[in-house]
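A.B. asks:
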Amino acid sequence: MIPDVSQALAWLEKHPDALQGIRRGLERETLRVTPEGQLAETGHPETLGSALTHQWITTDFAEALLEFITPVDGDIDHMLAVLRDIHRHVARKLGDERMWPLSMPCYIADGKNIELAQYGRSNIGRLKTLYREGLKNRYGALMQTISGVHYNFSLPLAFWQAKCGVKDSDSGKAAISAGYFRLIRNYYRFGWVIPYLFGASPAICASFLQGKPTTLPFEKTDCGMYYLPYATSLRLSDLGYTNKSQSNLGITFNDLETYVAGLKRAIKTPSEEYAKIGLMDGDKHLQINTNILQIENELYAPIRPKRVTRKGETPSDALMRGGIEYIEVRSLDINPFSATGVDEQQVRFLDLFMIWCVLADAPEMSSDELQCTRKNWNRVILEGRKPGLTLGIGCETAQHPLEKVGKDLFRDLLTVAHTLDGIAGNRQYQEVCEQLVECFDNPELTYSARILNSMIDKGIGGTGLALADQYRSQLREEPYEVLSEADFAKERDESWERQRAIEAADTESFEEFLAKQSQ
């Protein structure tokens with residue numbers, strides 16, 4: 001089932017320098033909760049700075065949903081230290097509130113009471129809130145309070161020069177983009193390994209369903225928790241980030257032009273379902289438009305091709321201008337065993353897996369095959385630890401034991417690990433392989449099994465709150481490593497200045513601004 005990567009791995013062993021200069025970044029989401037474990041109803045703390053313009057600390061869907069962003073970094077330890085410094089700072093500024101350490105939300109009495117993220121009175125700030133209003137009206141607010149970690153990854157230009165013979169990133173943008181699309185196709189085929197190893201949402205609080213029926217065969221505990229005994233990541237299931245209308249868009253990952261064309265088509269395609277919501281309720285806006293996607297970021301995907309946008313540029317226009325610059329991996333649950341929601345072992349594994357995905361052959365995929373890959377993901381998401389579980393390739397009927405496929409993959413990853421460790425002069429990547437491959441013989445070592453044992457014992461609330469209290473104490477007591485209190489104070493003040501400048505620069509009404517967004 002695993003493609004033959006022997007030639008590519010042999011090439012890599014001869015060109016280890018091609019991997020020097022990998023760049024990474026992390027984005028971690030977390031809900032603010034009360035000491036009792038309920039969703040905080042306070043606004044985003046002003047002492048943290050402007051959520052619109054702060055470079056490290058912002059909000060996602062709701063005022064209570066924090067998002068922390070590291071700068072792009074070539075050093076794993078430094079990146080993780082910056083992320084931890086952000087957590088240390090926020091833990092000191094939150095008063096009695098805690099950061100929720102799980103992907104699935106805490107007890108929420110009524111999704112209607114969730115306050116959308118606010119970004120001030122500028123047109124762009126109001127548009128960001130309106131986009132979230134649209135998400136709430138389309139999918140419900142509760143789904144949007146699910147948290148995750150995003151991992152951004154890019155290979156150095158030296159890799160593409162050695163592998164594809166490109167001269168520079170500009171003239172080589174087609175070859176580089178083709179390489180990243182190969183990575184994406186392999187991710188769709190084999191990325192289920194991420195929820196298998198690191199999925200940490202095998203259960204939900206009963207309040208998450210809000211009384212809605214579900215066809216999933218949940219088991220229920222006395223404390224009102226629903227769980228599937230072999231589930232890995234309900235966050236990635238149909239309970240979480242899904243948009244049924246998106247499955248018919250026919251977006252593929254074979255080349256830049258067809259990918260962007262599919263994305264742009266979705267933004268212009270009207271939706272009967274969303275037209276029923278309407279655009280206005282009195283003088284209140286309900287969504288940006290009634291198309292399948294309000295904006296490009298609404299496309300729910302486990303991985304995205306990205307390029308840093310220029311002012312006024314859409315993500316797809318940026319891709320067409322300069323090609324793919326980096327990859328955003330979006331399938332990581334919050335790691336409940338880390339105060340920062342992600343750890344070094346995961347980052348090193350993702351490095352190995354991304355490199356393998358870009359090296360392995362990846363035949364082009366039709367939109368039908370893309371849907372077929374979802375079957376493997378769903379199987380792992382809902383019953384990944386089930387003894388004897390098998391997986392298929394694309395739309396073929398042949399099945400292969402997950403345990404064998406996982407071990408075959410790790411044999412290849414170990415070769416990549418040798419190359420990376422040779423550059424650094426240590427065994428850190430090999431140790432990650434040795435530790436994680438054991439999860440295929442013993443699923444009880446996976447995150448989902450470990451956290452479920454605690455949840456069955458203490459409930460989601462008890463487990464989450466105990467960890468939240470523990471991490472709050474740890475983070476508040478630790479000294480900063482990279483950033484300082486002065487750095488945070490400077491960024492806070494400058495972020496407010498940047499927001500005021502944006503607001504002062506607006507020259508048109510919000511209605512005029514909004515009309516231009518739909519042109």
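Count the sequence shown with full-length UniProt numbering and you get residues 1 to 519, in order.
A virtual CB, placed ideally from N, CA and C, is assigned to each residue, including glycine.
Among ILE69, CYS205 and LEU249, which has the Cα closest to the Cα of SER366?
C.D. replies: Looking at the Cα atoms, LEU249 is the closest of the given residues.
A.B. asks: To which residues of the same chain is ILE194 closer than 7 angstroms at the C-beta, ignoring the five residues directly before and after it?
C.D. replies: Cβ neighbours of ILE194 beyond the five flanking positions: SER331 and LEU332.
A.B. asks: Going straight from the alpha carbon of THR214 to that of ALA424, what length do you get?
C.D. replies: Each residue's alpha carbon lies about 49 angstroms from the other.
A.B. asks: Who does MET99 pair with in a DSSP beta bridge?
C.D. replies: Looking at the DSSP assignment, MET99 forms a beta bridge with ARG32.
A.B. asks: Cβ of PHE353 within 8 angstroms of Cβ of LEU286?
C.D. replies: In this structure, LEU286 does not lie closer than 8 angstroms to PHE353 by Cβ.
A.B. asks: In terms of DSSP beta bridges, what is LYS128 paired with?
C.D. replies: Paired residue(s): none; LYS128 is not in a bridge.
A.B. asks: If you pair each beta-carbon of the region 258-270 with each one of the region 224-236, do three or more pairs fall below 8 angstroms?
C.D. replies: No contact exists between the region 258-270 and the region 224-236.
A.B. asks: Could you tell me the alpha carbon to alpha carbon distance between GLU438 and ALA515, rounded to whole angstroms?
C.D. replies: Straight-line Cα distance between these residues: approximately 55 angstroms.
A.B. asks: DSSP beta-bridge partners for ILE327?
C.D. replies: PHE153 and PRO305.
A.B. asks: Between which two residues does the alpha helix (DSSP H) holding GLN371 run?
C.D. replies: Looking at the DSSP string, the run of the alpha helix (DSSP H) that includes GLN371 is 367-383.
A.B. asks: Out of curiosity, what's the CA-to-CA distance linking ILE114 and LEU209?
C.D. replies: Straight-line Cα distance between these residues: approximately 15 angstroms.
A.B. asks: Assuming GLU63 contacts GLN118 under a Cβ cut-off of 8 angstroms, what Cβ separation, rounded to an integer in Å, is found between them?
C.D. replies: Indeed, because the Cβ distance is near 6 angstroms, the residues count as touching under 8 angstroms.
A.B. asks: At which residue ranges does the region 154-210 contain complete beta strand (DSSP E) runs of 3 or more residues, listed in the order of the chain?
C.D. replies: Those beta strand (DSSP E) runs which fall completely within the region 154-210 and span 3+ residues are 203-205.
A.B. asks: Please report the residue range of the beta strand (DSSP E) in which LEU514 lies.
C.D. replies: Note, LEU514: premise wrong, no beta strand (DSSP E); alpha helix (DSSP H) at 510-517.
A.B. asks: In whole angstroms, what is the alpha-carbon distance linking LYS128 and GLU13?
C.D. replies: Going by the C-alpha atoms only, they are around 46 angstroms apart.
A.B. asks: Specify the secondary structure class of ASP333 as computed by DSSP and reduced to three states.
C.D. replies: Strand, per DSSP.
A.B. asks: What residues are listed by DSSP as bridge partners for ARG24?
C.D. replies: In DSSP, ARG24 forms a bridge with ASP73 and PHE153.
A.B. asks: Here's a check: name, in chain order, each residue in its chain whose Cβ is nearer than 8 angstroms to the Cβ of GLY461, leaving out the five neighbours to either side.
C.D. replies: The answer, listed in chain order, is GLY37, CYS106, TYR107, CYS205 and CYS223.
A.B. asks: Which of the three DSSP states, helix, strand or coil, is assigned to LYS14?
C.D. replies: In this structure, LYS14 counts as helix in the three-state DSSP scheme.
A.B. asks: Determine, using beta-carbon pairs with one atom in the region 66-79 and one in the region 39-58, whether at least three such pairs fall under 8 angstroms.
C.D. replies: The region 66-79 vs the region 39-58: in contact.
A.B. asks: Hey, out of LEU402, ALA362 and THR397, whose CA is closest to GLY388's CA?
C.D. replies: For the residues LEU402, ALA362 and THR397, the minimum Cα distance to GLY388 belongs to LEU402.
A.B. asks: Take ILE355 and list the residues in its own chain whose beta-carbon comes closer than 6 angstroms to its own, dropping the five residues that flank it on each side.
C.D. replies: Answer for ILE355: VAL416, listed in chain order.
A.B. asks: According to DSSP, is ALA502 part of a helix, a strand, or is it coil?
C.D. replies: This sequence places Ile at residue 502; Ala is not what is there. Of the three classes helix, strand and coil, the one that applies to ILE502 here is helix, per DSSP.
A.B. asks: Using the C-alpha atoms, what's the distance from GLY464 back to LYS458?
C.D. replies: Distance between the alpha carbons of LYS458 and GLY464: 9 angstroms.
A.B. asks: For CYS357, count neighbouring Cβ atoms within 10 angstroms of its own Cβ and tell me buried if that reaches 16, exposed if not.
C.D. replies: Classification of CYS357: buried, given that the 10 Å Cβ count is 16 or more.
A.B. asks: Helix, strand or coil: which one does DSSP assign to GLU485?
C.D. replies: It is helical.
A.B. asks: Round the Cβ separation of GLY341 and ARG84 to the nearest angstrom and send it over; I've been treating them as touching at under 8 angstroms.
C.D. replies: Not really, about 10 angstroms apart at Cβ, beyond 8 angstroms.
A.B. asks: Using 8 angstroms for Cβ pairs, my map puts GLY120 next to GLU503. What's the rounded Cβ distance?
C.D. replies: Indeed, because the Cβ distance is near 6 angstroms, the residues count as touching under 8 angstroms.
A.B. asks: Report all residues from its chain with a CB closer than 8 angstroms to the CB of CYS395; omit the five preceding and five following residues, and keep chain order.
C.D. replies: Closer than 8 angstroms at Cβ, skipping near neighbours: ASP368, GLU369 and CYS372.
A.B. asks: Report the rounded CA-to-CA distance for SER509 versus ILE292, giving the unit in angstroms.
C.D. replies: Whole-angstrom Cα-Cα distance: 26 angstroms.
A.B. asks: So PRO35 and LEU467 are in contact, right, with Cβ under 8 angstroms, and what is the actual spacing, rounded?
C.D. replies: 14 angstroms between Cβ atoms; not a contact.
A.B. asks: Going by the CB atoms, is the gap between ARG92 and GLU478 shorter than 8 angstroms?
C.D. replies: Not in contact: GLU478 and ARG92 (Cβ atoms no closer than 8 angstroms).
A.B. asks: Specify the secondary structure class of TYR227 as computed by DSSP and reduced to three states.
C.D. replies: In the structure shown, TYR227 sits in a strand (DSSP, three-state: E or B).
A.B. asks: Kindly indicate which residue of ARG235, ALA178 and LYS167 has the alpha-carbon position closest to the one of ALA200.
C.D. replies: Of ARG235, ALA178 and LYS167, the residue nearest in Cα terms is ARG235.
A.B. asks: Compute the Euclidean distance between the alpha carbons of VAL33 and TRP11, then round it to the nearest angstrom.
C.D. replies: One C-alpha to the other measures close to 50 angstroms.
A.B. asks: Inspect the beta-carbon positions of VAL482 and ILE334 and report whether they are closer than 8 angstroms.
C.D. replies: Their beta carbons are not under 8 angstroms apart, which means VAL482 does not touch ILE334 by this criterion.
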